[in-house]
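Visitor: Under my numbering, think of the first position of the sequence shown as 1, with each following residue one higher. The beta-carbon is built from N, C-alpha and C at its ideal position, and this holds for glycine as well. This is the structure, below, for whatever I ask next.
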Amino acid sequence: MKKESNLQKFVFAGIFVLLGILLFNSFFVFSIGNSLDAKIVEAKEMARPAKIELIKLTSSCTECFDISEIIETLKQADLEITGEKSLPGGSKEAKNLIKKYGIEKLPAVILKGEIEKPSIQNFDNVDDALIFTGVTVPYEDAAINKIMGKVSSIIISDKNCEICNDFGLSIVGLKQSGVFIDKEEEFDYSSSNAKELIDSFAIEKLPALLLSDDMDAYPEIAQSLGQAGSKIGDYYILESQAPYVETESGKIRGFVNLIMLEDSSCSECYDVEIHKSIMARFGLAIDEESTIDAGSDEGKQLISKYEIKKIPTIVLSGDIDIYEDFKLVWEQVGTVEEDGAYAFRNLEVMGSDIVYKDVATNEIKGLQASESEQ
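So, in structure tokens, the structure goes:
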């Protein structure tokens, strides 16, 4: 009997264990099922396109930023556009939206609805909406209803100065940099319009370029203009660098004469014409140039007159003083003579391998250094 009692206890215990396992498995499977269902619902919700209401605030400026491309991109995106509205920027409803969301530029795009779902570039979350912030110039200032970034340009030129700066190329460069040139004018300096502008802005050098202060919508470029020229009233003024026409006299300033002194007996000597490219980098306008042999009578006179000790070299004359940057460099490489000529003397600045002739000894210098580097 005792053995039967123990057996019954063992059987009952086994049954309870099995029931426990079955209950645990049922609960565990039920929990997993609920968790998976929640994940599936969450995934479906995330995959569902956001329901968005689109509001466009238009501008009266036909040349301004084209907002239609942005709207077309939104329509092609994974969004469900539930409604679309277009409001003139000057309407009462648009003004209320501009004030509510702090909109500064028109045209504009406002997205409302399930704005927490999408992540859209160039849209900022403001209160209960997404506001497009990628509007570039030109645009309409929403606060003062002024078109920003539409620049007017005026060139004052002198058709008689073919070597002078062509500010038309500057206009092309500005356009390529994204500046919207709305109006272009050009006046010859002899015209009444040009004379009035010259007097009004005290312009001393021509050609000159006047750009309206709408350039302020392009801050980086405007800063460069302020450094290169001046801002007077409503215009940025750029006056030509040399060569230029002096407005007071009508004279063309900046013409330079170049004499290249070489030695035909020194085939190893450096090519004196290398100076021409150097002059070009400084913007010197070469009017007349000549090459003189050191052995000729003219060459000997030049060597004697300026006490030239090394050849080849160059001598400059003419209207050089207006080239301020060039004058600063020349202090390190040459001298200014009593007659105003500029004589190049420090040949060594052209490189350690430069080959030249010593006039006093007829010795060719720098040849060994040049050969050792080959």
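Could you tell me the distance, in whole angstroms, from the CA atom of F344 to the CA atom of I147?
Guide: Within the sequence shown, residue 344 is the residue found at index 344, counting from 1. Within the sequence shown, residue 147 is the residue found at index 147, counting from 1. Taking the straight line from one Cα to the other gives about 55 Å.
Visitor: Please state whether the Cβ-Cβ distance between I151 and L211 is less than 8 Å.
Guide: Counting from 1 along the sequence shown, the entry for residue 151 is found at position 151. Counting from 1 along the sequence shown, the entry for residue 211 is found at position 211. Going by the sequence as given, residue 151 is Val instead of Ile. Cβ atoms of V151 and L211: closer than 8 Å.
Visitor: What residue range is occupied by the uninterrupted beta strand (DSSP E) comprising P312?
Guide: In the sequence shown, residue 312 corresponds to position 312, counting from 1. Note, P312: premise wrong, no beta strand (DSSP E); not H, not E.
Visitor: State buried or exposed for S157, treating a residue as buried only when at least 16 other CB atoms are found within 10 Å of its CB.
Guide: In the sequence shown, the residue the question calls residue 157 occupies position 157. Its Cβ being crowded by 16 or more others within 10 Å, S157 is buried.
Visitor: Assess, as a yes-or-no matter, whether the region 126–146 is touched by the region 88–98 under the definition of 3 or more beta carbon pairs within less than 8 Å.
Guide: Yes, the region 88–98 is in contact with the region 126–146.
Visitor: Quick check: the region 307–319 against the region 336–351, are at least 3 beta-carbon pairs closer than 8 Å?
Guide: Judged by Cβ distances under 8 Å, the region 336–351 makes contact with the region 307–319, as three or more pairs qualify.
Visitor: CA-CA distance, T73 and I120?
Guide: Your numbering for residue 73 matches position 73 in the sequence shown. Your numbering for residue 120 matches position 120 in the sequence shown. Taking the straight line joining both Cα atoms gives about 10 Å.
Visitor: Taking one C-beta from the region 294–305 and one from the region 253–265 each time, how about it: are there three or more such pairs within less than 8 Å?
Guide: The answer is yes - the region 253–265 touches the region 294–305, with three or more Cβ pairs under 8 Å.
Visitor: Report yes or no: do the region 104–124 and the region 166–178 share at least 3 C-beta pairs separated by less than 8 Å?
Guide: Not touching, per the Cβ criterion.
Visitor: Taking the continuous alpha helix (DSSP H) assigned at I98, which residues delimit it?
Guide: The residue labelled residue 98 in the question sits at position 98 within the sequence shown. Here the alpha helix (DSSP H) through I98 covers K92 to Y101.
Visitor: Count the other CB atoms, across all protein chains shown, that sit within 10 Å of the CB of R281; report buried if there are 16 or more and exposed otherwise.
Guide: The count along the sequence shown starts at 1 and reaches residue 281 at position 281. By the neighbour-count rule (16 or more Cβ atoms within 10 Å), R281 is not buried but exposed.
Visitor: With DSSP run on the structure shown, which of helix, strand or coil describes A360?
Guide: Against the sequence shown, residue 360 aligns to sequence position 360. The answer is coil: DSSP assigns A360 none of H, G, I, E or B.
Visitor: Between which residues of its own chain and A369 is the CB-CB distance below 7 Å, once the five residues before and five after are set aside?
Guide: Here residue 369 refers to the residue found at position 369 when the sequence shown is read from its first residue. Reliability fails at A369, whose pLDDT of 45 lies under 50, so the model's placement of it is uncertain and the value that follows must be treated cautiously. Within the same chain, A369 has close Cβ partners S352 and D353.
Visitor: Give a single yes or no on whether K276 has its beta carbon closer than 7 Å to a heavy atom of the ligand SAM.
Guide: For the ligand SAM, the structure offers nothing, since it holds no ligand at all.
Visitor: Does DSSP put N193 in a helix, a strand or coil?
Guide: Along the sequence shown, one-based indexing puts residue 193 at 193. Of the three classes helix, strand and coil, the one that applies to N193 here is helix, per DSSP.
Visitor: Could you give the DSSP three-state label for E45: helix, strand or coil?
Guide: As a working note, residue 45 is residue 45 in the sequence shown. Low confidence applies to E45: its pLDDT is 48, below 50, so where it sits in the model is not reliable, and the reading given next is rough at best. Here E45 sits in helix by DSSP.
Visitor: Which of the three DSSP states is assigned to A280 in this structure?
Guide: As a working note, residue 280 is residue 280 in the sequence shown. Note: A280 maps to helix in three-state DSSP.
Visitor: Taking the alpha-carbon positions, what's the L316 to Y342 distance?
Guide: As a first step, residue 316 must be located in the sequence shown, where it is residue number 316. As a first step, residue 342 must be located in the sequence shown, where it is residue number 342. The straight-line gap from Cα to Cα measures roughly 5 Å.
Visitor: To the nearest angstrom, report how far apart V359 and Y323 are at their CA atoms.
Guide: Indexing the sequence shown from 1 puts residue 359 at position 359. Indexing the sequence shown from 1 puts residue 323 at position 323. Looking at the two C-alpha atoms, the distance is approximately 30 Å.
Visitor: On the DSSP bridge assignment, give the partners of Y231 in chain order.
Guide: For the purposes of this step, residue 231 is taken as the residue at position 231 of the sequence shown. Position check: residue 231 holds Lys in this sequence, whereas Tyr was assumed. DSSP, once it has assigned bridges, lists Y236 as partnering K231.
Visitor: Evaluate I440 with the Cβ neighbour count: other Cβ atoms within 10 Å of its Cβ, from every protein chain shown; 16 or more gives buried, anything less gives exposed.
Guide: Summary: the structure shown does not reach residue 440, with the chain confined to residues 1 through 374, and so no result is reported for it.
Visitor: Which residue or residues does DSSP assign as beta-bridge partners of Y244?
Guide: Residue numbering aside, residue 244 sits at position 244 when the sequence shown is read from its first letter. For Y244, which the question treats as bridged, DSSP gives the partners R253.
Visitor: Does the distance from the C-beta atom of I131 to that of Y101 stay below 8 Å?
Guide: Here residue 131 refers to the residue found at position 131 when the sequence shown is read from its first residue. Here residue 101 refers to the residue found at position 101 when the sequence shown is read from its first residue. The answer is yes: Cβ separation under 8 Å.
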